[in-house]
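Mapping the sequence shown onto numbering that gives the first Met the number 0, position 61 (from 1) lands on 60, and the numbers just tick up by one.
All C-beta atoms, glycine included, are put in the ideal place defined by N, C-alpha and C.
Working notes for the structure below.
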Amino acid sequence: MKEVFRIAIDGPSGAGKSTIAKLVAKKLGIDYIDTGAMYRAVGYKMKREDVPFEECDELQAMLDATDIDFVSGDIILDGQIVNTLIRTSEVSQMASKCSALPMVREKLVEIQRNMGSRKSVIMDGRDIGTNVLKDAEYKFFLTASAEERAERRHKELIEKGEEITFEEVLRDIQARDHNDMTRALNPLRKADDALEVDSTGMDIDQVTEAILKEIK
Ligand code: DC
0 MKEVFRIAID
10 GPSGAGKSTI
20 AKLVAKKLGI
30 DYIDTGAMYR
40 AVGYKMKRED
50 VPFEECDELQ
60 AMLDATDIDF
70 VSGDIILDGQ
80 IVNTLIRTSE
90 VSQMASKCSA
100 LPMVREKLVE
110 IQRNMGSRKS
120 VIMDGRDIGT
130 NVLKDAEYKF
140 FLTASAEERA
150 ERRHKELIEK
160 GEEITFEEVL
170 RDIQARDHND
180 MTRALNPLRK
190 ADDALEVDST
200 GMDIDQVTEA
210 ILKEIK
């Protein structure tokens, strides 16, 4: 295996990218970068500061004054740990909306490329294999049926105490799939050289093994 290598995992919401990426990172002893969490942090801050969800000077000023980093697995927004604040269904929608804005993508892609330039990383998102780390050594496209993704996400949200029905979660997943796949800039798409892994009916260990098998 090369000294420094990058692994890209893309796929739709709820396909299990972050769970799998965390396990693969641990197994290989490399850093995990959750790019979705970065879009969530920006969406959360735009909402909190009442910045309009459109390209404008106010948004650029906010982005210029925004610092996002990962420290020991925590996401830090302007010095504050925001791990749980960015995991609500409201912030999911904000993240999907703000991720269509070129100003936001430009800022976050630059940070992501920096993070992936010095050391081995596994990065998950929507445009990692097609844009952020186009030359990544390993690329995967992780999918699962919308129903199975909604079932997994619904279980997670209920466990966290959110009151939400399965139908609402399914609608939310379908709306985000639509936004993510139809936006003009860097839409969700499988890179030509990515290996597709359909995790419908597979458990976490089986998916992790399928990915590790390709890397070793
Ligand atoms: O993976 P997630 O659900 O936490 O991502 C939140 C939103 O961010 C998702 O709707 C799409 C967007 N996103 C993106 O546009 N590009 C990425 N590389 C990662 C996430």
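If I'm right that Leu76 touches Lys44 with Cβ under 8 angstroms, what's the distance once you round it to whole angstroms?
6 angstroms
Which stretch, first to last residue, makes up the alpha helix (DSSP H) that contains Ala7?
From DSSP, Ala7 is part of no alpha helix (DSSP H) but of the beta strand (DSSP E) over 5 to 9.
Can Tyr31 be considered in contact with the ligand DC, in the sense that its beta carbon sits closer than 6 angstroms to one or more heavy atoms?
no
Rounded C-alpha distance that separates Leu58 from Ser98:
13 angstroms
Give, in chain order, every unbroken run of the alpha helix (DSSP H) that is at least 4 residues long and sits entirely within the segment 95 to 169.
101 to 117, 145 to 158
Got a sec: does the ligand DC put a non-hydrogen atom nearer than 6 angstroms to the Cβ of Asp73?
no
Quick check on Leu84: does DSSP put it in helix, strand or coil?
helix
Return the residue from the list Glu105, Val131, Pro101 that minimises the CA-CA distance to Gly115.
Val131
Give the single residue among Ile210, Asp204, Pro186, Asp202 whose Cα lies nearest to the Cα of Leu225.
Past the boundaries of the shown model lies residue 225; the chain is included only from 0 to 215, so the question cannot be answered.
Tell me where the beta strand (DSSP E) around Glu57 begins and ends.
Looking at the DSSP string, Glu57 is not in any beta strand (DSSP E); the run it does join, the alpha helix (DSSP H), is 56 to 63.
For Ile29, report the span of its beta strand (DSSP E) as first-last.
No beta strand (DSSP E) contains Ile29, which DSSP labels as neither H nor E.
In terms of DSSP beta bridges, what is Phe69 paired with?
Ile74
So for Asp218, helix, strand or coil by DSSP?
No answer is possible for residue 218: it lies beyond the span of the chain, which begins at 0 and ends at 215.
Do you know offhand how far Glu53's Cα is from Arg175's?
18 angstroms
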